Every structure is written in structure tokens, then in C-alpha cells.
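Engineer:
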Amino acid sequence: MAEQIADETLAGRNILLIISGGIAAYKSLDLIRRLKERGAGVRCVLTAGGAQFVTPLSVAALSEEAVFQDLFSLKDESEMGHIRLSREADLLVVAPASADLMAKMAAGLADDLASTVLLATDKPVLLAPAMNTQMWEHPATKRNFCTLLDDGLRAVGPGQGDLACGEVGAGRMSEPLEIVAAIENILGTPLETATLKGRRAIVTSGPTYEAIDPVRYLANRSSGKQGHAIAAALAGLGAEVVLVAGPNNLPDPGGVSVRHIESAAQMLAACEAALPADIAVCAAAVADWRVAGEAGQKMKKDGSGQPPALKLVENPDILATLSQLDQSNGSRPNLVVGFAAETEMVIDHAQSKRARKGCDWIVANDVSADGGVMGGDENTVHLITEGDVENWPTMPKDVVAVALAKRIADHFGAG
Ligand code: C5P
């Protein structure tokens with residue numbers, strides 16, 4: 000089915016795509032197609048590792064341009080020097096970004112065409128990392144990735160899932176359309192406004208666990224994917240981010256300070272300790288109730304056949320608490336964003352929630368059982384601001400996160 004492409008952000012823009020070594024390089028061929036069909040010019044640099052996975056011929060045929068591979072090739076240098084190659088692009092995209100290439104970039108090495116072009120550029124750079132989970136989670140890779148984010152590079156992914164090496168975990172390169180969305184995001188907003196440099200953000204994510212006794216707890220099915228992705232996207236735009244995370248199975252996002260907590264009371268205390276902040280995004284699925292008088296020892300059956308009665312008391316509402324802080328003395332974050340997971344009348348309920356809690360924006364989504372949002376990778380959301388409702392298309396959660404981070408940057412840019 001032919002895809003309808005309404006967005007003209009990429010028409011006439013020039014992308015330099017650097018394909019480094021990794022099995023995910025096959026997805027970069029599709030990325031070239033997607034960029035071309037949106038009207039972008041695509042030039043490619045293929046590293047020696049990248050050329051083990053995709054051929055120069057396929058890259059040249061899809062990009063309709065010569066492929067650049069060799070730093071010391073007289074032919075390439077005479078036609079297009081590496082400085083020109085990097086400067087003529089509007090954006091450099093490294094997809095896949097291998098652990099090795101990121102390590103070189105973080106260290107400022109320039110021993111092949113890709114690393115030289117990346118060192119010589121004065122243009123924004125977007126990384127789409129792809130590698131085995133152990134490599135992604137290795138402290139050296141984390142350190143290099145954080146260095147690159149601190150240097151102002153942007154990133155999309157990696158996602159979780161089945162990896163080509165047969166393992167399951169973080170390290171999967173984002174899908175071509177997710178990378179396209181991240182590119183549109185960067186090129187669609189002037190760089191000077193798409194920044195949150197100097198802004199401080201608090202993000203809540205994941206479920207809370209409310210203890211019944213030392214071994215049992217009340218919880219919910221939140222995965223934390225959306226909240227973690229938002230923390231990463233805000234950090235990607237330069238914000239200093241504190242992520243207050245309930246129990247989850249996700250890796251800590253790079254470039255973000257994470258406070259691991261369990262209960263709603265601990266989440267509130269961690270948020271209050273992280274103040275002052277310019278931005279608060281409450282994406283956590285906080286338990287509405289906790290058990291009154293948590294038992295100090297494991298509760299036992301008493302032989303009567305009667306189950307114990309659990310008395311519940313209401314938890315503090317973190318979103319409402321942050322929203323209702325005093326703006327006049329700077330205690331309240333300038334922009335407080337809540338989430339509304341609804342199963343019916345999504346927009347109506349979300350609008351009244353915005354008013355009731357006193358937050359500025361609500362991101363509303365339909366979590367009815369057949370939607371697959373809880374724990375899934377995609378989300379269909381509506382952004383509810385004062386007097387306006389935007390319906391966003393269904394997008395992967397990390398693309399929703401990038402779009403939200405950009406809107407937040409626009410808010411501060413405009414304000
Ligand atoms: O009231 P409801 O739970 O539907 O509201 C959802 C929004 O409120 C989310 O942004 C959630 O993070 C936030 N919330 C909170 N503290 C609570 C309950 C919800 O911050 N105790």
C-alpha cells in the first residue's frame with residue numbers, strides 16, 4: 000500500500016548517512032528509501048564494518064549517489080573532500096551506530112572516513128545505536144554514549160526486543176520510520192529552539208509497589224517504557240533530567256540521573272527532593288491506594304478460613320502536589336505534564352483531570368484492553384493543553400517521547 004506522506008519537513012534536506020558495522024545495517028537500506036521518498040537527498044558513508052553487512056552497490060542504487068568509503072581515496076577526495084561531505088549535509092545520521100564507532104567518536108579519533116567526517120562536522124548528529132545487549136550495557140559503552148549526549152549529539156533508541164544475535168534485550172536499532180521521525184523532529188525545529196539546555200526536568204515512570212507485608216505488595220502492569228523514553232528524549236535535547244522510577248525491567252536511560260523507588264510515598268519524596276525544576280512529567284502509574292498499617296511480619300493464615308481484610312488508604316497524588324506548588328516563589332515547575340490512561344471518553348475525562356489536578360498539559364491515551372498500550376511499544380495519544388486538543392497518530396513510544404520533548408522545548412522557546 001502506498002504510504003501517504005503529508006510531512007514536508009525533509010523535502011530538499013540533505014542527510015549524510017553513516018552506516019557502520021552491524022547486522023542492523025540492512026535496516027539502513029530501508030531508511031535510505033524512506034528518506035528519499037520524503038524528498039531528502041541522501042549521501043552515504045559506509046565503514047569497513049558496514050560493508051561487511053550491506054554492499055556499496057545496494058547503498059549507491061538506493062541513494063542514487065556515489066558511496067564514500069575510503070578516507071585516502073584520491074578519487075573520492077578530488078570529487079568530494081571529507082570536510083565538504085560533512086558540511087554540505089543538514090544532518091549527519093549514524094545508523095547503525097556501533098559500539099566501536101561511538102567509542103571512537105567519544106574519544107575524538109579520526110582514523111577512517113566516518114570518524115573523520117564526524118569530527119569535522121559543524122552539523123547536528125543523530126545516533127541510532129545497535130548492538131548486542133551486553134555491549135550496550137557495558138560501562139564503557141554507557142560512558143561513551145553519555146559523553147556523546149553531553150557533547151550535544153542526539154539519539155534515537157536502541158529499543159528492546161529480539162536481537163539478531165539470538166539474545167533478547169536492549170540494543171535493537173530503532174525501526175527506519177522511528178529514525179525518520181527523529182530526523183524530522185531535529186530538522187523540523189530550528190536548533191536554537193529545540194533545546195532544553197539549562198532546563199531541569201523531573202520525570203516519574205513505572206508502577207509503584209505498595210507493601211502489604213515484607214513479602215507481598217499491591218502493584219500494576221505499567222512497564223515504564225513511556226516514562227523512561229520521555230526522560231531519555233528530554234535529556235537528548237539537553238535537559239538535566241531526574242528520573243524517579245518505580246520497579247521496572249528497563250535499563251536506566253543514558254545521560255539521566257535515576258532514583259529507584261518502590262512506593263508512592265517514596266516517589267513523592269524523591270520528586271520533592273529533586274525540586275526545583277522547570278519541567279515535571281508524571282508518567283508513572285502511581286497506585287491510588289496503599290495498605291493501612293503494613294504488617295511488620297509475613298501475614299499467616301490463621302486457620303479460621305477467613306481471609307484478612309486489607310484496609311486501604313489513599314496515596315498522595317504526586318501530579319496534583321507538584322501542580323499545586325507555589326508558582327510565585329518558583330517552587331512549582333513552570334510546565335507540569337500529566338498522563339491520563341482512560342478506557343472510555345478519553346478526551347472528556349482527560350480534560351477534567353487536567354482541571355482537577357491543576358497541571359498544564361495532559362497526555363491522554365486509550366488503555367482499553369484490546370489496545371495493547373500497557374506494556375506494548377506503541378501509543379496513540381492526544382495532547383491536551385489549555386483550550387486545545389491535538390490528536391497524534393499511533394507512534395512507537397520513543398517517538399511519542401521525542402515529539403513531546405520537542406513540544407516542551409517549543410514551549411520554553413516560545414515563552
Ligand atoms: O488520577 P489518575 O491516576 O488517572 O491520573 C493520572 C496522572 O496522575 C498521571 O500523570 C500519574 O502519573 C499521576 N498520578 C500521580 N500520583 C497519584 C496518582 C496519579 O502523580 N497518586
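Numbering-wise (numbering that gives the first Met the number 0), the sequence shown opens with residue 0 and increments by one. Just so you know, even glycine gets a beta-carbon here, dropped at the ideal spot from N, CA and C. As the structure is a prediction and not an experimental result, all values here were calculated from the model.
#1: Using 8 Å as the cut-off, can you tell me whether the stretch 84-96 makes contact with the stretch 118-125, which would need three or more C-beta pairs spanning the two stretches below that distance?
#2: Measuring alpha carbon to alpha carbon, tell me which residue in ALA24, THR393, ALA39 is nearest LEU15.
#3: Could you please give the first and the last residue of the uninterrupted beta strand (DSSP E) stretch that includes HIS137?
#4: Use the C-beta contact count for GLU191: other C-beta atoms within 10 angstroms, 16 or more gives buried, fewer gives exposed.
#5: Starting from CYS270 and walking both ways along the alpha helix (DSSP H), at which residues does that stretch end?
#6: Leaving aside the five residues before and after ASP347 along the sequence, list all residues of the same chain whose C-beta is less than 8 Å from its C-beta, in chain order.
#7: From this set, ILE278, GLY168, ALA291, which residue's C-alpha is nearest LEU309's C-alpha?
#8: Could you tell me whether any non-hydrogen atom of ligand 1 is closer than 7 Å to the CB of LYS396?
#9: Within a Cβ cutoff of 6 Å, which residues of the same chain sit near ASP251, ignoring the five residues on either side of it in sequence?
#10: Which stretch, first to last residue, makes up the beta strand (DSSP E) that contains ASN364?
#11: Ligand 2 and LEU318: does the residue's C-beta get closer than 7 Å to at least one heavy atom of that ligand?
#12: Report the rounded CA-to-CA distance for GLN68 versus PRO332, giving the unit in angstroms.
#13: Is GLY337 near ligand 1 - that is, is its Cβ less than 7 Å away from at least one heavy atom of it?
#14: What's the C-alpha gap between VAL202 and ASP376?
#15: Using 7 Å as the cut-off, classify the Cβ of ALA263 as near or not near the heavy atoms of ligand 1, replying yes or no.
#16: Any heavy atom of ligand 1 closer than 7 Å to the beta-carbon of PRO315?
#17: Buried or exposed: ASN328, going by 16 or more other Cβ atoms within 10 Å of its Cβ?
#18: List the endpoints of the continuous alpha helix (DSSP H) containing LEU9.
#19: Per DSSP, which residues does CYS43 bridge with? Please list them.
#20: When DSSP labels each residue in this structure, what does PRO395 get in the three-state scheme?
#21: Using 8 Å as the threshold, is the C-beta distance between ALA228 and LYS35 below it?
#22: What does PRO307 pair with, by DSSP beta-bridge criteria?
#23: Mind checking if ASN184 is an interface residue toward chain D, Cβ cutoff 8 Å exclusive?
#24: Looking at C-beta atoms only, is the number of pairs between the stretch 204-215 and the stretch 278-285 that lie closer than 8 Å three or more?
#25: Does the distance from the CB of PHE52 to the CB of ARG198 come in under 8 Å?
#26: Got a sec: does ligand 1 put a non-hydrogen atom nearer than 7 Å to the Cβ of ALA282?
#27: Please classify LEU56: is it buried, with 16 or more other beta-carbons within 10 angstroms of its beta-carbon, or exposed?
#28: Please state whether DSSP places THR384 in a helix, a strand or coil.
#29: Between LEU73 and LEU100, what straight-line distance do the alpha-carbon atoms span, to the nearest angstrom?
#30: Taking the beta carbon of ILE82 as the centre, do at least 16 other beta carbons fall within 10 Å, making it buried, or is it exposed?
#31: If you draw a straight line from the C-alpha of VAL345 to the C-alpha of ASN364, how long is it?
#32: Out of THR8, ALA96, ARG86, VAL41, which has the shortest C-alpha to C-alpha gap to ILE18?
#33: Is LYS352 a contact residue of ligand 1, with contact defined as CB to any heavy atom under 7 Å?
#34: In whole angstroms, what is the alpha-carbon distance linking LYS299 and ASP212?
#35: Nearest CA to the CA of ALA339: which residue from GLN323, GLN326, ALA319?
#36: Should the stretch 133-150 be called in touch with the stretch 169-176, which here means at least 3 C-beta pairs below 8 Å?
Structural biologist: According to the structure data:
#1: Touching, per the Cβ criterion.
#2: Per the Cα distances, ALA39.
#3: Neither: HIS137 is in no beta strand (DSSP E) and is coded neither H nor E.
#4: Since pLDDT at GLU191 reaches only 45, below the 50 mark, its modelled position is unreliable, and the value read off the structure follows with that caveat. Exposed, because fewer than 16 other Cβ atoms sit within 10 Å of the Cβ of GLU191.
#5: It spans 263-273 - the alpha helix (DSSP H) in which CYS270 sits, taken as one unbroken run.
#6: Counting only Cβ-Cβ distances below 8 Å, and skipping sequence neighbours, we find nothing.
#7: With distances taken between Cα atoms, LEU309 lies closest to ALA291.
#8: Proximity of the beta carbon of LYS396 to ligand 1 is not indicated: no heavy atom of the ligand is located closer than 7 Å.
#9: VAL257.
#10: 360-365 is the span of the beta strand (DSSP E), which, as asked, contains ASN364.
#11: This structure simply doesn't include ligand 2; it includes ligand 1 instead.
#12: Going by C-alpha positions, GLN68 is about 49 Å away from PRO332.
#13: Result yes, Cβ under 7 Å from ligand 1.
#14: Taking the straight line from one Cα to the other gives about 19 Å.
#15: Yes, Cβ of ALA263 sits closer than 7 Å to a heavy atom of ligand 1.
#16: Yes, the Cβ of PRO315 comes within 7 Å of a heavy atom of ligand 1.
#17: ASN328 sits exposed, since fewer than 16 C-beta atoms from the chains shown fall within 10 Å of its C-beta.
#18: Where LEU9 is concerned, there is no enclosing alpha helix (DSSP H), given that its DSSP letter is neither H nor E.
#19: CYS43 pairs with LEU16, VAL66.
#20: Looking at PRO395 - three-state DSSP - the assignment turns out to be strand.
#21: Not in contact: ALA228 and LYS35 (Cβ atoms no closer than 8 Å).
#22: BP columns for PRO307 are empty, so no partner.
#23: Protein chains in the displayed structure number just one, and chain D is not present.
#24: Contact holds: three or more Cβ-Cβ distances are below 8 Å.
#25: Taking 8 Å as the Cβ cut-off, PHE52 and ARG198 do not qualify as a contacting pair.
#26: In this structure, ALA282 has its CB closer than 7 Å to one or more heavy atoms of ligand 1.
#27: Its Cβ having fewer than 16 others within 10 Å, LEU56 is exposed.
#28: If DSSP states are grouped into helix, strand and coil, THR384 belongs with the strands.
#29: With a pLDDT of only 48 at LEU73, under the threshold of 50, the placement of this residue in the model should not be trusted, and no figure is reported.
#30: Looking at its Cβ environment, which holds fewer than 16 other Cβ atoms inside 10 Å, ILE82 is exposed.
#31: Taking the straight line from one Cα to the other gives about 7 Å.
#32: The shortest C-alpha to C-alpha distance from ILE18 to any of THR8, ALA96, ARG86, VAL41 is the one to ALA96.
#33: Because some heavy atom of ligand 1 lies under 7 Å away, the Cβ of LYS352 counts as near it: yes.
#34: Answer to the nearest angstrom: the Cα atoms are 10 Å apart.
#35: Selection GLN323, GLN326, ALA319 evaluated against ALA339 yields ALA319 as nearest (Cα-Cα).
#36: Touching, yes.
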